[in-house]
Amino acid sequence: MVSILKRLQILSSPNKTPPPCKRKPIFSSPSKTTLLSSSTFFLLMAPSCCCWFPIYLIASVTLGIIAITSAIHSNSKPTPQEIPPQTHTLSTNATQALKNAGFTLMADLLHRSPPFFLPPQNSTFFAIKDSAITNTSLPLWFLKSLLLYHTFTTKLTMQELLNKSQGTCMTTLFRQKNASLTKIETLQKTVEINRVSISNPDMFLGQQFIIHGVVGPFSSLRREDLQGGSDFIHSPTCPSSSSSSSSSNTNSTYTGGDYKKIREWNRIIHFLGSKGYSSFSIALHSVLEAILKESVSYGFASVTIFAPPDVNLLSYPSALLHRAVKIHILPQRLTYKELSLFPVRTLLKTLMPDDHLEIDGVLGFMAGVVINGIEIVKPDMFVSEKFVVHGISRAFKMAESNA
18 MVSILKRLQI LSSPNKTPPP CKRKPIFSSP SKTTLLSSST FFLLMAPSCC CWFPIYLIAS
78 VTLGIIAITS AIHSNSKPTP QEIPPQTHTL STNATQALKN AGFTLMADLL HRSPPFFLPP
138 QNSTFFAIKD SAITNTSLPL WFLKSLLLYH TFTTKLTMQE LLNKSQGTCM TTLFRQKNAS
198 LTKIETLQKT VEINRVSISN PDMFLGQQFI IHGVVGPFSS LRREDLQGGS DFIHSPTCPS
258 SSSSSSSSNT NSTYTGGDYK KIREWNRIIH FLGSKGYSSF SIALHSVLEA ILKESVSYGF
318 ASVTIFAPPD VNLLSYPSAL LHRAVKIHIL PQRLTYKELS LFPVRTLLKT LMPDDHLEID
378 GVLGFMAGVV INGIEIVKPD MFVSEKFVVH GISRAFKMAE SNA
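In short: position in the sequence shown from 1, add 17, done, that's our numbering.
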């Protein structure tokens, strides 16, 4: 670069005028068309003067290097372990079903781009009739919270709701708060949730989620009730025996000390939701039944959970969601101190038999223990006799499936 500047300085000096150069024609005939690279064209168009030749040579080489580098970068591919973000859009059939039944506002909120709200996998959404909310001026944060409260964390058809016991409480997506099945009439096939009737049962039955229509919201829309901020929704009083979630539905399968384990799993799910890990908390809740069954089948009594911050896990298909959650769980209890004592390249078995985590140790450029290239940023967030929860900087990547 310095030599180029010196050459330009010499050439621009008034005392040293370069000899006149004669321009030679490039093409012998104007009718001929020749395709040239940028660097070749640069050289050919330059005056045929020996004093300018080094400058044009350097410039052409520089252009060639830039072109090659750009080609290499443009052809680069993501590593095979990268999993592209999964899209989860409301199907056309679901949107049309909402519109046909008069739930135009709900259809718009769920189908707009970017989406205002999307039901996650394996959930039940209760759409509110337009007439119940169109005349109400609601803040956006309130409306989104209301939609979360209208979403159960399990898929339930109308018949499955009718099979529940009256007074059963269902867990919702809004801070794990409950909604109560306040009235169930099997013969009339009617169900009320928080004293609000289901008006359009089984409006949409999809593989990913189910939609029912209700005549009004499960919570009050009065302005004075919004003064408490995000605590405006108050869960109904639910007896402990009536609380219904994917874990409580499996209580009949377990006896004795297993009840304590189930309660502690629920305690961890609530803990994660309250500490800013709501996405992983909901995802963990959705696969909890499978984890409980495996704990009995494979005989592991304690676990270590690596909780990533909010990520888009809920848009994954069911099988991929199960795998994404299970690679963050070890079937053994390991505190931060115990993890730091493992030698580098130690493999840790996860709940996915073919997916292991690898200890990278304590790296110089990261303050904490590193596993699979991910740092533990909040060690020992939750510690009990059987459970340990560590917060990590981001989710572990899943290896490319062989299937």
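Glycine is no exception: its CB is placed at the ideal position from the N, C-alpha and C atoms. These figures come from a predicted structure and were not determined experimentally.
Proximity below 9 Å, CB of residue i to CB of residue j
i	j	result
ASP125	THR174	no
PHE399	ILE279	no
PHE413	ILE388	yes
SER216	LYS146	yes
LEU122	THR151	yes
PRO326	GLY408	yes
ILE308	PHE323	no
VAL386	SER410	no
PHE235	PHE143	yes
ARG350	MET369	no
6 Å Cβ shell around residue i - same chain, five flanking residues per side excluded
i	result
SER303	ASN139
PHE317	PRO348
LEU164	PHE134
LYS181	LEU198
GLY233	ALA149 and VAL213
ALA114	MET220 and PHE221
LEU356	VAL386
VAL208	LEU178, ILE201 and ILE215
Rounded Cβ spacing between residue i and residue j (contact assumed at less than 8 Å)
i	j	result
THR168	THR189	6 Å
GLY230	ALA118	6 Å
PHE404	SER319	7 Å
ARG192	GLY290	6 Å
Where residue i falls, given that 16 or more other Cβ within 10 Å makes a residue buried
i	result
LEU440	Coverage of the chain is limited to positions 18 through 420, which leaves residue 440 absent and any answer about it impossible.
ASN211	buried
LYS343	buried
ALA300	buried
MET62	Low per-residue confidence applies at MET62: pLDDT is 49, beneath 50, and the placement is therefore not dependable, though the value from the model is reported in the following sentence. MET62 should be labelled exposed.
ALA336	exposed
LYS172	buried
THR321	buried
PRO360	exposed
VAL313	exposed
ARG362	exposed
SER162	buried
LYS23	In this prediction, LYS23 scores a pLDDT of 49, lower than 50, which makes its location untrustworthy; the coordinate-derived value is nonetheless stated afterwards. Classification for LYS23: exposed.
SER401	exposed
PRO298	Sequence check: residue 298 is Ser here, not Pro. It is buried - the Cβ of SER298 has at least 16 other Cβ atoms within 10 Å.
GLN176	exposed
LEU157	exposed
Same chain, Cβ closer than 7 Å to residue i, five either side skipped, listed in chain order
i	result
LYS194	TYR166, ILE250 and SER252
LEU358	none
Close Cβ partners of residue i (< 8 Å) along its chain, the five nearest in sequence each way excluded
i	result
HIS373	LEU364, LEU365, LYS366 and THR367
LEU155	LEU163 and LEU238
heavy atom of the ligand MN below 8 Å from residue i C-beta
i	result
LEU122	This structure lacks the ligand MN, and indeed carries no ligand of any kind.
Original post:
Whole beta strand (DSSP E) runs in the stretch 181 to 231 with 3 or more residues, listed along the chain?
Top reply: 186 to 188, 195 to 202, 207 to 210, 213 to 222 and 226 to 231
**OP:** Only counting runs of 4 or more residues, tell me where the alpha helix (DSSP H) segments fall wholly within the stretch 110 to 173, in order along the chain.
**Re:** 121 to 128, 147 to 150 and 157 to 166
Original post:
Of all the beta strand (DSSP E) runs that stay within the bounds of the stretch 347 to 388, which reach a length of 3 or more residues?
Top reply: 364 to 366, 373 to 379 and 386 to 388
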